[in-house]
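Sequence lines, in order, name chains A and B. Sequential numbering from 4 applies to the first sequence in this note's numbering. Sequential numbering from 171 applies to the second sequence in this note's numbering.
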Amino acid sequence: GQQVMQIPQYQHVQEGEDFTTYCNSSTTLSNIQWYKQRPGGHPVFLIQLVKSGEVKKQKRLTFQFGEAKKNSSLHITATQTTDVGTYFCAGDSGNTPLVFGKGTRLSVIA
Amino acid sequence: NAGVTQTPKFQVLKTGQSMTLQCAQDMNHNSMYWYRQDPGMGLRLIYYSASEGTTDKGEVPNGYNVSRLNKREFSLRLESAAPSQTSVYFCATRQPVKGAQHFGDGTRLSIL
């Protein structure tokens, strides 16, 4: 079945440094979604990418969808302590439910 | 708007006990999902319901049953709880046509 791999599993950065997490699917995706989960909280939808090569920005967050629609990345510029949490990608393929990656846990050292 | 409401928020069970986790939504979404989350394992799909009256197995259905009682409610039942089922359980709905998923606050379940 479809698999979504996400790296790295953990990332520790100094406040102000940049951060990137990568997501790779074993199959071509119709769309990819990104979620953020704060410690002790629940996943919250951030964004959805649909088009090949699509790039979307939300303030300091930049999301990319690969040309082949099999990979994606989330880049945070100049991290802040409010960015702490786990970031999940989730891939859509056919009529099956979303398949979530295992997430990247981001720690920010002030 | 409450969105997705899960009850209870915390529960401790003994091995062999049974329990039903409740989930209700006021978003009028057809699709509903149950996930479990364990450290380092991400979100694993237990069961889902694409619409009222239908349910399907996900990645880890063993030891669980579900009921889609109506469009609003989707419950998850543990018939005979085992320590391996200690986890955080999330219910979610999904906006139509491959839209965003909306999660409840979760139920933190410990089985001794």
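Just so you know, even glycine gets a beta-carbon here, dropped at the ideal spot from N, CA and C.
| Check | Outcome |
| --- | --- |
| For Thr-107(A), which three-state DSSP category applies? | strand |
| At a Cβ threshold of 8 Å, is Asn-74(A) touching chain B? | no |
| Return helix, strand or coil for Gln-207(B), following the three-state DSSP convention. | strand |
| For the candidate residues His-78(A), Ser-96(A), Pro-11(A), Ala-113(A), whose alpha-carbon lies nearest to that of Lys-59(A)? | His-78(A) |
| Would you grab the beta carbon distance between Thr-284(B) and Val-174(B) for me? Rounded to a whole angstrom, and I think it's under 8 Å. | No statement about residue 284(B) is possible, as the shown extent of chain B runs from 171 to 282 and does not include it. |
| Where does Thr-84(A) fall in DSSP's three states? | helix |
| Check each residue of the segment 248-271 of chain B: if its Cβ is closer than 7 Å to any Cβ of chain A, include it; give the result in chain order. | Phe-260, Lys-268, Ala-270, Gln-271 |
| Chain B partners of Phe-66(A), CB-CB under 7 Å? | By Cβ distance, chain B contributes nothing, its closest Cβ being about 14 Å from Phe-66(A), past 7 Å. |
| Using the Cα positions of Leu-279(B) and Val-182(B), report the straight-line distance between them to the nearest angstrom. | 6 Å |
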